[in-house]
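For reference, the structure discussed in these notes is given below.
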Amino acid sequence: MSLPDDTIAERTSMGRGMDVISCLADLAAGGEQGVSVQDIARALERDRSQISRTLTALAAEELVTRGSDGRYRLSWSWYASAEQLVERRLRVEGRTILDELSEAAGEACFLGVLEGDATVTIVESVPPAARLIGSWIGRAYPAFCSDAGQAVLWDASDDEVRGVFSRTEFRSAGPNAATSVEEFLARLVRSRERGYAIVAEEAEPGLYSVSAPVWDFRGEVIAGMQIVGERRRLEPRSQALGEACADAARRLSELLGARES
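Numbering (the numbering used here), first residue to last: 121 to 381.
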């Protein structure tokens, strides 16, 4: 299935904008001297005229400013605007990558974000074989036992995790859910070592998932990517599905401006 021309154009525009913003931030490195069009074009290995057009568009959106010396600097409002750009791209590119992952895995795939002590699905891709009734978009689920819970808290410190769950009642319909924040933290440590999380019958009986974190240009986790299905189908493929999910999350992270650690 081909994408509409306007969708392709939007993805291309957002991609160029994020790349240029990230490059400008790296080259400036907190200095006041500004960065030239040629500097960015050379760093990104792109045509100078293309970079100039992108910078002009970014300046019109007040993401960057152009000084009298012709050099560019990040504007005061760039951070909030860049966050909005990342959120838009998370949904646009996220859907494309989820569709690819879902087709390859033959299972339902989701993107979830943290809201309070719950995770909320913002993008989903569900093949007919998954037999999912209804949509999960916009629905919240307790993060301590949700498919994306460990992934969205991947970069959080122990104290931050304790803060998130400070008022949480650790009750779940799933027989294997964590019963305390310390148990959740122990599982999170193992997931980090593995490179992806496995959630086996924590939300409800028979449900199984693998998940991995999605990072943004700030080096922070912005979402969790999940493959979800029946335990009897997914568990024998845990490693393959986990690695595929982690790879898809890594690709989406790169599109959001994340740098490899």
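Even glycine gets a Cβ: it sits at the ideal position worked out from N, Cα and C.
8 Å Cβ cutoff met for residue i and residue j
| i | j | result |
| --- | --- | --- |
| residue 258 | residue 240 | yes |
| residue 375 | residue 342 | no |
| residue 364 | residue 345 | no |
| residue 362 | residue 328 | no |
| residue 284 | residue 263 | yes |
| residue 244 | residue 228 | yes |
| residue 373 | residue 319 | no |
| residue 172 | residue 184 | no |
| residue 323 | residue 265 | yes |
| residue 256 | residue 230 | yes |
| residue 147 | residue 163 | yes |
| residue 287 | residue 242 | no |
Endpoints, alpha helix (DSSP H) assigned at residue i
| i | result |
| --- | --- |
| residue 302 | 301-314 |
| residue 176 | 168-180 |
| residue 361 | 358-375 |
| residue 320 | Run containing residue 320: none in the alpha helix (DSSP H); it sits in the beta strand (DSSP E), 317-320. |
| residue 193 | Unbroken run through residue 193 is the beta strand (DSSP E), 192-194; no alpha helix (DSSP H). |
| residue 272 | 269-272 |
| residue 280 | 278-284 |
Identity of the residues DSSP links to residue i by a beta bridge
| i | result |
| --- | --- |
| residue 327 | 350 |
| residue 254 | Looking at the DSSP assignment, residue 254 forms no beta bridge with any residue, so it has no partner. |
| residue 262 | 238 |
| residue 232 | 241 and 344 |
| residue 333 | 344 |
Closer than 7 Å: residue i CB and nearest the ligand SAH heavy atom
| i | result |
| --- | --- |
| residue 169 | This structure lacks the ligand SAH; in fact it carries no ligand of any kind. |
Endpoints, the beta strand (DSSP E) within which residue i is located
| i | result |
| --- | --- |
| residue 162 | Note, residue 162: premise wrong, no beta strand (DSSP E); alpha helix (DSSP H) at 157-164. |
| residue 186 | 184-186 |
Problem - Any 3 or more C-beta pairs closer than 8 Å across the stretch 363-380 and the stretch 215-225 - result: yes
Practice task
Would you be able to state if there are at least three C-beta pairs under 8 Å between the stretch 187-194 and the stretch 154-172?
Solution key: yes
Practice task
Take every Cβ of the stretch 231-239, pair it with every Cβ of the stretch 270-277, and state whether three or more of those distances are shorter than 8 Å.
Solution key: They touch, by the three-pair rule.
Problem - Cβ contact (3+ pairs, closer than 8 Å) linking the stretch 286-301 and the stretch 349-363 - result: no
Handout entry: Touching by the beta-carbon criterion (3+ pairs, under 8 Å), the stretch 200-216 and the stretch 335-347
Key = Touching, yes, given that three or more Cβ pairs across the two stretches are closer than 8 Å.
Problem - Stretch pair the stretch 277-284 + the stretch 238-253: three plus CB contacts closer than 8 Å - result: no
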